[in-house]
Each structure stands twice: as C-alpha cells, then as structure tokens.
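Take a look at the structure set out below.
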Amino acid sequence: EAGVAQSPRYKIIEKRQSVAFWCNPISGHATLYWYQQILGQGPKLLIQFQNNGVVDDSQLPKDRFSAERLKGVDSTLKIQPAKLEDSAVYLCASSGLGETQYFGPGTRLLVL
Amino acid sequence: AQKITQTQPGMFVQEKEAVTLDCTYDTSDPSYGLFWYKQPSSGEMIFLIYQGSYDQQNATEGRYSLNFQKARKSANLVISASQLGDSAMYFCAMSRGLRNAGNMLTFGGGTRLMVKP
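Read top to bottom, the protein sequences are chains A and B.
Residue numbering for the first sequence follows our numbering, beginning at 1 and increasing consecutively.
Residue numbering for the second sequence follows our numbering, beginning at 1001 and increasing consecutively.
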C-alpha cells in the first residue's frame, strides 16, 4: 500500500513570495491533516479535513495561509506572502476510519 | 486543553540495552488516545504504538512497549534491545477521543535518542 505522498520535498523562497505544497493521502483515507513543525519542536496542527470539508482550522494563520481539498482526495496548502517565521517542515497526514494517522515525508521550507 | 510534556531533550543508550523515554500528559477528557512516533533525520513521522485511555493492559508492538500509568498521567515508551537504527527523535502525542474518533494530535517537544555502538 502506498503511503502519503508530498511534494516538493524541499523549497527555498524569499520572504513575501508565495509557495504551495501538495499532498496525496493514502487511498481511501477520508481524513487529511496538515501540520507545521518548526525546528526543535513537535508538529502543530494547521488544518484538518474530513473528505472535502474543514473540521478544524483554528490554528491556521488565515491572513496568509490557505488550504483546500477538492474532491476529497488531494490537498494543497498555500502561503502568500511568506514570512521568515514560516520556515519549517510541513507534514501531511491521513487516517481512515478507526485508524492511526500516517504521515508523509514532509516538505522542508526555508524562507530567506 | 490538552498538553504533552517530554522532559528529556536528549538521551544516550548503549546498543542492546533497554531505554525508557518519558511522557506526561494533561487532559480533562475521559476518552483520549496516546501515541508514540519516531522521526529519523529523513523527517518522516513513523507510528510506533498506541494506547487508549480505557485500555487495561499496556500496549506492546515488537520491541516497543508503552508503560501507561493513568493515575500519574504518564505514558512512557520502553524500547528493549536498542539498535543503532533506533537513533532518532521520538514524539509522544495525544488525541481527544480514542483513535477511531479521527481527531487531531497534540505533540510533545520530543526526545532525541542516540544509540551508542
């Protein structure tokens, strides 16, 4: 069974630029999560989708971050404009009914 | 609100020995799940073990076991017979509700384990 796929794996941008990350969850998993992991810290949830609806986006900085999950499968997370403090690893995870969350390899973002 | 605390920023263990990684939690919910994940330098979070708040017995998965002490609100991870490949960051996490609720995870700050040959 294929795992959670994410791209790109690495991204370097300058502040005030825009960036987008893509996630393809495990086939059949209805729930998809985006976490932000700042260096030296544990991951923190940004947004959770159930199919194509948002369950929790209370910690998403909505002035600059947006996410969508069209058709309830793939998801994109966008930052516009990026700030220096957005430098982090962005982890996507998915879970099926009654299952544990499984994580993708993450996208490492560096904002200069 | 839920909170996870991992008080050991880093630990060394000799290869083939056992090691315990500490985790304490705080929640007012009666139903919750406790998880341990391993994060090697490649960055991916690898699920290791799960314990539900109503489980009477400690969870075990191969060389991993979870020492669940509900009254003390602790969920320590025990790794037996350490291997060089166990060197990584280890994160304790909890969910509101049991695993099948599909809720978000709250993570601790992590413990870096280094296995010495």
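Think of the CB as a built atom: it goes at the ideal place given N, C-alpha and C, for glycine as much as any other residue.
Bear in mind the structure is a predicted one, so any value in this text is a computation, not a measurement.
Using a 10 Å radius around the Cβ and a threshold of 16 neighbouring Cβ atoms, would you call residue i buried or exposed?
| i | result |
| --- | --- |
| A88 (chain A) | buried |
| Y33 (chain A) | buried |
| N51 (chain A) | exposed |
| F1012 (chain B) | exposed |
| M1104 (chain B) | buried |
| I1079 (chain B) | buried |
| S1041 (chain B) | exposed |
| V111 (chain A) | buried |
| T1007 (chain B) | exposed |
| V54 (chain A) | exposed |
| P1030 (chain B) | exposed |
For a contact defined as C-beta to C-beta under 8 Å, what are the partners of residue i on chain A?
| i | result |
| --- | --- |
| R1099 (chain B) | G98, E99, T100 |
| G1052 (chain B) | Neighbours of G1052 (chain B) on chain A: none; closest Cβ ~11 Å, over 8 Å. |
Along chain B, in chain order, which residues have C-beta atoms closer than 9 Å to that of residue i?
| i | result |
| --- | --- |
| L91 (chain A) | G1043, E1044, M1045 |
Run through the DSSP bridge pairs and tell me what residue i is partnered with.
| i | result |
| --- | --- |
| R1112 (chain B) | B:G1010, B:M1089 |
| Y1064 (chain B) | B:E1061, B:I1079 |
| Q6 (chain A) | A:C23 |
| T1106 (chain B) | B:M1094 |
Closest to residue i by C-alpha separation, out of the options, would be which residue?
| i | options | result |
| --- | --- | --- |
| Y1025 (chain B) | B:N1103, B:M1114, B:R1096, B:K1116 | B:R1096 |
| Y1065 (chain B) | B:M1045, B:M1089, B:Y1037, B:G1102 | The identity of residue 1065 (chain B) in the sequence shown is Ser, whereas the question assumes Tyr. Minimum Cα distance to S1065 (chain B) is reached at B:Y1037. |
| A1196 (chain B) | B:P1009, B:T1020, B:M1011, B:F1012 | The structure shown does not extend to residue 1196 (chain B), since chain B is modelled only from 1001 through 1117, so no value can be given for it. |
| G1108 (chain B) | B:Q1069, B:S1028, B:F1091 | B:F1091 |
| G1043 (chain B) | A:Y10, A:D74, A:E99 | A:Y10 |
| L1113 (chain B) | B:G1102, B:L1077, B:L1098, B:M1094 | B:L1077 |
| L70 (chain A) | A:Q59, A:K62, A:Q80, A:F49 | A:F49 |
| F65 (chain A) | A:Q101, A:G3, A:L39, A:R16 | A:R16 |
| G40 (chain A) | B:K1116, B:T1111, B:R1072 | B:T1111 |
| G1085 (chain B) | B:Y1032, B:P1117, B:R1072 | B:P1117 |
With a threshold of 7 Å, establish whether the CB of residue i neighbours any heavy atom of the ligand GTP.
| i | result |
| --- | --- |
| A1101 (chain B) | The ligand GTP is absent from the structure shown, which contains no ligand whatsoever. |
Residue i touches chain A at which residues, Cβ-Cβ below 9 Å?
| i | result |
| --- | --- |
| G1102 (chain B) | A30, T31, Q48, Q50, V55, S95, G96, L97, G98, E99, Q101 |
| G1110 (chain B) | G40, Q41, G42 |
Name the two residues that bound the continuous beta strand (DSSP E) containing residue i.
| i | result |
| --- | --- |
| Q50 (chain A) | 44-50 |
| C1023 (chain B) | Counting along the chain, C1023 (chain B) falls outside any beta strand (DSSP E), and DSSP gives it neither H nor E. |
| A1001 (chain B) | Neither: A1001 (chain B) is in no beta strand (DSSP E) and is coded neither H nor E. |
| A967 (chain B) | What the structure shows of chain B is the stretch from 1001 to 1117, and residue 967 (chain B) is not part of that stretch, so it cannot be assessed. |
| Q36 (chain A) | 31-37 |
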